[in-house]
Structure formats: C-alpha cells, structure tokens
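Novice:
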Amino acid sequence: MSITEILFWFLSVLTLVSAIMVLISKNPVHSVLWLIATFFAISGHYILLNAQFLAIVNLIVYAGAIMVLFLFVIMLMNLDVAIEPKRSMWMKFAGVISGGLLLAVLLSVVRTSVDLTNKTAQLNTGDIGLIKNLGHTLFTQYAVPFEVSSILFLSAMVGAVVIGKKN
Amino acid sequence: MINLSAVLLAFDWGFLLQKLILIIIIVSVSLVVAMYETYLERKVAAWMQDRIGPNRAGPFGILQPIADGGKLFFKEEIIPNTSNKTLFVLGPGLAMLAALMTCAVIPWSSHLQFGDTTVQLQIADVNIGILYIFGVVSLGVYGIMIGGWASNNKFSLMAALRGASQAISYELAMGISLIALLFITGSLSMRTIVEEQMKNGIWNVVYQPLGFLIFLVCAFAECNRTPFDLPEAESELNMGYHQEYSSMKLGFYLFAEYINMFISSAVMATLFFGGYDVPFLDESTLAPNVAAIIGLIAFMIKIGFFIFLFMWVRWTIPRFRYDQLMNLGWKKLLPLALVNMLVTAAVMLWLHK
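Just so you know, the protein sequences line up as chains D and W, in that order.
Mapping to my numbering: the first sequence position 33 is 33, numbers consecutive.
Count along the second sequence starting at 1, add 167, and that's the number in my numbering.
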C-alpha cells in the first residue's frame with residue numbers, strides 16, 4: 001500500500017460520504033456545503049491522476065463560482081422545514097426507481113465499454129493533464145470544437161444580459 | 168495483512184519533515200506579520216491624523232497586538248440562540264483557512280544549502296501556481312457568506328451577500344489582468360515567473376503597468392479593504408457580516424483580513440516586482456545561503472511597502488457607494504483589463520515570442 005493508494009482510498013471515502021450527505025442533509029445550505037466538499041475530493045482525484053489544470057479549474061469554476069451562486073439563491077429563499085411541501089410516497093418510490101435505473105445503465109456502460117475494460121488509471125505518470133499539453137491539444141487538434149463551444153458560451157452570456165435587462 | 172512497517176518506510180520522511188517544518192514556519196510568520204499589521208495600521212493611522220497612536224503596552228506600544236489578542240481570547244463567547252451553531256463556528260474557521268492556504272505556493276526566496284540537502288524556501292512549486300492562488304481566493308467568499316447567513320441576522324446576511332458579490336465581480340478583472348501577465352511570462356509557476364524576472368533584470372511591472380494597477384485595485388476589493396470595505400459598512404449595516412460574533416471568532420475574521428493583505432502583498436511583489444530579486448545585484452555570484460537570505464529580506468521589504476500602501480489608501484480615500492463599486496468593477500476595470508489583454512496579445516504576436 002503506497003502513499004498514492006492511501007490517498008486514493010481516503011479521497012474515495014470522502015467523496016462518497018460527502019455525496020451521500022448532500023442527499024440526506026435536511027438543511028439545503030448544509031447540502032450545498034457538502035457538495036463543495038465533494039468537489040474538493042474529486043479535485044484530489046484529478047491531482048492523483050496528474051491532471052492539475054482540471055483539478056484547479058474544477059475548484060475555481062464549481063466550488064468558487066457556481067456553488068456561491070447556489071448559496072446565494074438558497075440563502076435568499078429562506079427555506080424552512082416547516083413550509084416544505086409534503087411529497088407523496090409514490091413520488092419517492094418513482095424517484096428511487098428511476099435513480100436506480102440510471103445508476104444501473106451508467107454502471108453497465110462503464111463496465112462494458114471497450115475503451116475502459118482491462119485498463120487501469122495512469123497514476124502520477126500521464127502528462128496530458130498539465131496545462132501546457134492541454135492547451136496545445138485544445139488549440140491545435142480541437143481548435144474548431146473549442147471555438148464552437150466558446151460561441152455557445154458567448155450566446156449564453158448575451159442571453160443572460162437580455163433577460164436581466166427586461167425590467 | 169498490510170505490513171505496516173513497509174508502508175511507513177515507503178514514505179520519504181525526511182522530505183515530509185522538511186516540508187512540515189517549512190509549513191509551520193511560514194504559517195507562524197504569516198500570523199505574526201498579521202498581528203503586527205494591526206499595530207502598524209494603528210500607528211500609520213495615528214501618523215496620518217497627527218496623533219500618537221498606541222504607546223502604552225511596552226516601548227512604543229510594541230506589545231499592543233499581544234494585549235489585543237489576549238483581550239479577544241478572554242472575552243465572553245456568545246453564540247446567538249437562533250443561529251445555526253455548526254455553521255456559525257465554521258464561518259470564521261473557513262475565513263482563516265482560506266487566508267492561510269494561499270501562502271503554500273509563494274516562493275519566499277531561492278534555496279538554502281545544508282551540506283548535500285537543498286531546501287527550497289517554498290512549500291510547493293506546482294506548475295499551476297497562479298491558478299491555485301486564484302482558486303483559494305475564490306473560496307475565501309465562503310467564510311463571509313456562511314458566517315453572515317448562520318448569524319440569522321438581516322444585516323449580517325445583507326453584508327455577506329454584498330461581500331460575496333463584490334469578491335466575485337472583482338475576481339473577473341483580476342483574472343483577465345493576470346492573463347495578460349501570463350502572455351509575457353509563459354508560465355504559471357510562481358518560481359519560474361520570479362526566475363524569469365531575475366534573468367531579464369526587468370520586472371514585469373515595466374511590461375504590464377496597467378495590468379498591475381488593475382490587479383492592485385482588485386486586490387483591495389478582494390481583501391475587503393477601504394475603499395471597498397462595504398461588507399462591514401458600519402453606517403448602513405451596523406457592523407457587517409461579523410455583527411453577531413464575539414471573542415476570538417470575531418478576531419479570526421479580522422485576522423483573516425490582515426493575513427489576506429499580507430499574502431496579496433506577497434503575490435503582487437512576486438508577480439510584478441520580481442519577488443526575491445534584488446535590483447542591480449547578480450545573485451548567482453553569491454553563496455546560495457547568503458543569496459537566499461538577502462533575497463528573503465528584499466522580498467519582505469517589498470511586501471512591507473505594499474502593506475503600507477494598503478494602509479495609506481485606507482486612511483486617505485473614503486468608502487465607495489455600492490453602485491459606484493459595481494460600476495467600477497464591471498464597466499471600467501473589466502473592459503480595461505480586456506483591452507490590456509488584447510493589446511498585450513497583439514504585441515506578443517507581432518514580436519513573435
């Protein structure tokens with residue numbers, strides 16, 4: 001058991017525990033905070049795979065920006081346990097069943113995918129995740145898809161401004 | 168069965184110990200500097216307003232921070248009944264954590280040489296140094312938001328929302344001004360950036376004066392310092408997001424601000440003013456240990472200047488109104504940073520670098 005393995009198990013347990021806590025916390029603000037902890041643990045996994053850029057961008061974008069907006073909204077909505085609408089038993093059953101089916105589909109796809117079978121993750125060796133190589137690949141091999149997705153972001157931004165201007 | 172001794176032997180204990188000692192030293196130095204910043208702030212304020220300032224505790228009032236800290240520790244600790252207790256305690260802790268985590272990637276000086284072992288005076292030289300600082304800074308918002316919300320007080324919540332939106336707004340301009348800098352350095356590692364500047368003999372501020380100004384203004388806003396201290400605008404929001412806090416929890420919030428100031432001064436000195444570079448001196452001719460110590464002193468002097476600048480501005484310029492703050496961030500700094508970035512990119516392309 002090397003230091004990498006210890007870290008892997010620690011991070012995996014942390015990811016799973018905090019993801020479960022997101023679901024079972026009664027208080028929505030606690031849920032958001034546990035979700036942030038999940039992002040941290042996942043970033044730790046990225047670092048183990050030597051994808052440093054991905055790890056830090058995951059933190060900046062998700063934990064640093066998007067979750068702040070989540071917190072904003074939740075804090076202003078004043079959610080109380082008392083005013084939460086009661087959901088019927090059937091809804092809960094339907095949710096559990098559809099969620100479970102989704103999990104089964106994902107698991108079977110990952111297990112049978114040709115690209116993934118009989119392969120192990122490259123720990124600490126691959127260098128495609130370093131910013132230099134990643135940038136090089138993005139701006140040469142995948143330049144067109146990259147530009148197309150940036151146009152998508154631009155249009156989303158314009159849309160947000162238009163919606164915000166209405167009143 | 169796992170062989171425990173094999174696991175323990177697999178670690179590089181010497182390396183771990185070296186880093187641990189370095190972390191302890193750097194964190195305690197940050198705390199002591201933050202402590203004396205409070206003293207300095209009062210002295211500078213006094214000097215600017217033609218007063219004497221703290222002069223009772225010890226010679227020149229030099230023990231004043233210790234007296235202040237002791238006072239905060241021994242004050243009654245109040246947790247409001249209607250607050251969310253876990254988060255109420257978590258808030259100041261997070262603020263402090265985010266403030267201290269930034270110092271991990273700052274190169275304090277070159278390396279020390281003890282016989283065969285070389286000790287880098289930097290906790291971690293990661294090749295995403297600047298992005299790491301950016302990531303941790305964006306987490307600093309949580310300390311404020313959680314604290315403000317958990318207090319269950321309208322004023323605290325308002326101030327927390329203000330603080331968070333201010334931090335998010337200014338992060339944008341800050342990031343774009345940094346992109347222009349990265350065009351020139353071509354690396355995100357803080358150590359490489361400093362070494363480039365040492366090699367060229369020209370600090371980055373010469374190439375990026377506008378970028379530096381934008382970064383400076385944004386650093387003020389990120390640290391919630393005057394003229395951007397709206398989250399604690401006492402005339403409109405009583406005391407801001409830490410209104411319900413008392414004792415050392417309040418102390419942590421105030422302390423985190425001073426640590427942030429110290430670290431952002433260090434970042435500015437590293438990125439734009441050559442870090443531990445001493446102007447007009449060729450460090451490679453000196454013995455490594457001497458060069459490291461001289462570099463450290465030079466770096467500390469640069470940091471000291473920026474800390475003084477923070478205080479100078481605080482006691483000179485009045486607070487912005489909130490709409491002025493947002494206008495400045497979104498309508499002036501952001502386009503300015505974008506133009507700066509485009510011009511830098513065009514020039515770099517033209518020079519074929």
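We treat Cβ as the ideally placed atom computed from N, Cα and C, and that holds for glycine.
1. Closest Cβ-Cβ distance between Met168 (chain W) and chain D: below 8 angstroms?
2. For Leu230 (chain W), which residues from the same chain have a beta carbon less than 7 angstroms from its beta carbon, with the 5 sequence-adjacent residues on both sides left out?
3. Name the DSSP beta bridge partners of Val286 (chain W), please?
4. Take Ala458 (chain W) and list the residues in its own chain whose beta-carbon comes closer than 7 angstroms to its own, dropping the five residues that flank it on each side.
5. If we ignore side chains and look at the alpha-carbon of each, how far apart do Ala271 (chain W) and Gly44 (chain D) end up?
6. Where does His519 (chain W) land, buried or exposed, given buried means 16+ other C-beta within 10 angstroms?
7. Pick helix, strand or coil for Lys86 (chain D), following the three-state DSSP scheme.
8. Starting from the C-beta of Gln364 (chain W), find all residues in its chain whose C-beta is less than 8 angstroms away, skip the five residues before and the five after it, and write them out in chain order.
9. Quick one: Cα of Leu48 (chain D) to Cα of Ile6 (chain D), how far?
10. Measure how close the beta-carbons of Ala41 (chain D) and Ser25 (chain D) come, nearest whole angstrom, since I'm counting them as under 8 angstroms.
11. When you compare the CB positions of Met428 (chain W) and Glu204 (chain W), do they come within less than 8 angstroms of one another, or not?
12. Thinking C-beta only, is Ala51 (chain D) closer than 8 angstroms to Gln305 (chain W)?
13. Where does the unbroken alpha helix (DSSP H) through Phe39 (chain D) begin, and where does it stop?
14. So Met508 (chain W) and Ser336 (chain W) are supposed to be a Cβ contact under 8 angstroms. How far apart are they, rounded?
15. With a threshold of 8 angstroms between beta-carbons, can Ile246 (chain W) be considered close to chain D, or not?
16. Could you list the residues in the segment 41-53 of chain D with a C-beta less than 8 angstroms from some C-beta on chain W, going in chain order?
17. When the cut-off is 8 angstroms and only beta carbons count, does Gly129 (chain D) lie next to chain W?
18. Would you please verify whether the beta carbon of Val293 (chain W) is less than 8 angstroms from any beta carbon of chain D?
19. Taking only beta-carbon atoms, is Met341 (chain W) less than 8 angstroms away from chain D?
20. Hey, Leu380 (chain W) and Leu438 (chain W): beta-carbon distance below 8 angstroms or not?
21. Is there a Cβ from chain D that is less than 8 angstroms from the Cβ of Leu500 (chain W)?
22. So that I know if they touch, is there some Cβ in chain D lying closer than 8 angstroms to that of Leu328 (chain W)?
23. With 16 other CB atoms within 10 Å as the buried threshold, where does Asn251 (chain W) fall?
24. How long is the line joining the alpha carbons of His460 (chain W) and Leu345 (chain W), rounded to whole angstroms?
25. Hey, which unbroken runs of the beta strand (DSSP E) at 3 residues or more fall wholly within the segment 332-383 of chain W?
26. Around the Cβ of Asn320 (chain W), are there at least 16 other Cβ atoms within 10 angstroms (buried) or fewer (exposed)?
27. What did DSSP end up calling His519 (chain W) once you bin it into helix, strand or coil?
28. Determine the direct distance from the alpha carbon of Gln289 (chain W) to that of Tyr374 (chain W), and round the result to whole angstroms.
29. Using 8 angstroms as the cut-off, can you tell me whether the segment 295-303 of chain W makes contact with the segment 225-244 of chain W, which would need three or more C-beta pairs spanning the two stretches below that distance?
30. Pull up the distance between the alpha-carbon of Lys541 (chain W) and that of Ala201 (chain W), whole angstroms please.
31. Consult DSSP for Val148 (chain D) and reduce its assignment to one of helix, strand or coil.
32. State the DSSP-derived secondary structure class of Cys390 (chain W), mapped to helix, strand or coil.
33. Determine, using beta carbons only, whether Val29 (chain D) comes closer than 8 angstroms to chain W.
34. Are the beta-carbon atoms belonging to Ile131 (chain D) and Phe53 (chain D) less than 8 angstroms from one another?
35. Near Asn27 (chain D), what residues of its chain come up, given a Cβ to Cβ distance below 6 angstroms and the 5 sequence neighbours on each side ignored?
36. For Met263 (chain W), count neighbouring C-beta atoms within 10 Å of its own C-beta (all shown protein chains included) and say buried if the count is 16 or more, exposed if not.
Specialist: The answer reads as follows:
1. Translated into positions along the second sequence, residue 168 (chain W) becomes position 1. Because Met168 (chain W) sits at a pLDDT of 45, beneath the cut-off of 50, its placement in the model cannot be relied upon, and the point is left open.
2. Sequence index remark: in the second sequence, residue 230 (chain W) carries index 63 (1-based). Taken in chain order, the residues that qualify are Ala224.
3. Counted from its first residue, the second sequence places residue 286 (chain W) at position 119. DSSP output for Val286 (chain W) lists W:Leu279 as bridge partner(s).
4. By one-based count along the second sequence, residue 458 (chain W) stands at place 291. Ser277 and Glu450.
5. Numbered from 1 along the second sequence, position 104 holds the residue referred to as residue 271 (chain W). Numbered from 1 along the first sequence, position 44 holds the residue referred to as residue 44 (chain D). Answer to the nearest angstrom: the Cα atoms are 16 angstroms apart.
6. In the second sequence, counting from the first residue as 1, residue 519 (chain W) sits at position 352. Around the Cβ of His519 (chain W), a 10 Å sphere holds fewer than 16 other Cβ atoms; the residue is exposed.
7. Stepping through the first sequence from its first residue, residue 86 (chain D) is reached at position 86. In the structure shown, Lys86 (chain D) falls within a coil segment according to DSSP collapsed to helix, strand and coil.
8. In the second sequence, residue 364 (chain W) corresponds to position 197, counting from 1. Excluding sequence neighbours, Gln364 (chain W) sits near Trp370, Asn371, Gly441, Gly442 and Asp444.
9. If you number the first sequence from 1, residue 48 (chain D) lands on position 48. If you number the first sequence from 1, residue 6 (chain D) lands on position 6. Distance between the alpha carbons of Leu48 (chain D) and Ile6 (chain D) is about 11 angstroms.
10. Translated into positions along the first sequence, residue 41 (chain D) becomes position 41. Translated into positions along the first sequence, residue 25 (chain D) becomes position 25. Approximately 16 angstroms separates the beta-carbon atoms of Ala41 (chain D) and Ser25 (chain D); this is outside 8 angstroms, ruling out the contact.
11. Translated into the one-based positions of the second sequence, residue 428 (chain W) becomes position 261. Translated into the one-based positions of the second sequence, residue 204 (chain W) becomes position 37. Yes. Within cutoff.
12. Your numbering for residue 305 (chain W) matches position 138 in the second sequence. Your numbering for residue 51 (chain D) matches position 51 in the first sequence. The amino acid at residue 305 (chain W) is misidentified as Gln; the sequence shows Ser. Cβ distance not < 8 angstroms, so Ser305 (chain W) and Ala51 (chain D) don't count as in contact.
13. Numbered from 1 along the first sequence, position 39 holds the residue referred to as residue 39 (chain D). Per DSSP, Phe39 (chain D) belongs to the alpha helix (DSSP H) from Pro28 to Leu48.
14. Within the second sequence, residue 508 (chain W) is the residue found at index 341, counting from 1. Within the second sequence, residue 336 (chain W) is the residue found at index 169, counting from 1. Actually they are not in contact, since the Cβ atoms of Met508 (chain W) and Ser336 (chain W) sit about 17 angstroms apart, beyond 8 angstroms.
15. Sequence index remark: in the second sequence, residue 246 (chain W) carries index 79 (1-based). No, its Cβ sits nowhere closer than 8 angstroms to a Cβ of chain D.
16. Taking 8 angstroms as the cut-off between beta carbons, the residues of the segment 41-53 of chain D near chain W are Gln52 and Phe53, in sequence order.
17. Here residue 129 (chain D) is taken as the residue at index 129 of the first sequence, counted from 1. So, not an interface residue.
18. If you number the second sequence from 1, residue 293 (chain W) lands on position 126. Yes, its Cβ sits closer than 8 angstroms to a Cβ of chain D.
19. As a position in the second sequence, residue 341 (chain W) is number 174, starting the count at 1. Using beta-carbon distances, Met341 (chain W) does not count as an interface residue toward chain D, since no partner is under 8 angstroms.
20. For the purposes of this step, residue 380 (chain W) is taken as residue 213 along the second sequence, with counting starting at 1. For the purposes of this step, residue 438 (chain W) is taken as residue 271 along the second sequence, with counting starting at 1. No, the pair does not count as a contact, with Cβ atoms beyond the cut-off.
21. Counting from one through the second sequence, the residue named residue 500 (chain W) turns up at place 333. Taking Cβ atoms only, chain D never reaches closer than 8 angstroms to Leu500 (chain W), which makes this a no.
22. In the second sequence, the residue the question calls residue 328 (chain W) occupies position 161. Proximity of Leu328 (chain W) to chain D, defined by a Cβ-Cβ separation below 8 angstroms, is satisfied.
23. Against the second sequence, residue 251 (chain W) aligns to sequence position 84. It counts as buried.
24. To locate residue 460 (chain W), count along the second sequence from 1; it is residue 293. To locate residue 345 (chain W), count along the second sequence from 1; it is residue 178. For the sequence presented, residue 460 (chain W) should be read as Ile rather than His. If you take the alpha carbons of Ile460 (chain W) and Leu345 (chain W), they lie about 29 angstroms apart.
25. The segment 332-383 of chain W contains no whole beta strand (DSSP E) run of 3 or more residues.
26. As a first step, residue 320 (chain W) must be located in the second sequence, where it is residue number 153. The residue is buried, with at least 16 neighbouring Cβ atoms inside 10 Å.
27. To locate residue 519 (chain W), count along the second sequence from 1; it is residue 352. Taken through DSSP and simplified to helix, strand or coil, His519 (chain W) comes out as coil.
28. The residue labelled residue 374 (chain W) in the question sits at position 207 within the second sequence. The residue labelled residue 289 (chain W) in the question sits at position 122 within the second sequence. So the two alpha carbons sit approximately 26 angstroms from each other.
29. Between the segment 295-303 of chain W and the segment 225-244 of chain W, the count of C-beta pairs closer than 8 angstroms stays below three; the two stretches do not touch.
30. Since the displayed chain W opens at 168 and closes at 520, residue 541 (chain W) lies outside it and no answer follows.
31. Along the first sequence, read from residue 1 onward, the residue named residue 148 (chain D) stands at position 148. In the three-state reduction of the DSSP assignment, Val148 (chain D) falls in the helix class.
32. Your numbering for residue 390 (chain W) matches position 223 in the second sequence. Coil, per DSSP.
33. Here residue 29 (chain D) refers to the residue found at position 29 of the first sequence. Yes - at least one Cβ of chain W is within 8 angstroms of the one on Val29 (chain D).
34. Start at 1 with the first residue of the first sequence, and residue 131 (chain D) comes out as number 131. Start at 1 with the first residue of the first sequence, and residue 53 (chain D) comes out as number 53. Cβ atoms of Ile131 (chain D) and Phe53 (chain D): closer than 8 angstroms.
35. Indexing the first sequence from 1 puts residue 27 (chain D) at position 27. So the list is empty, once near-sequence residues are dropped.
36. The residue labelled residue 263 (chain W) in the question sits at position 96 within the second sequence. By the 10 Å Cβ count, Met263 (chain W) comes out buried.
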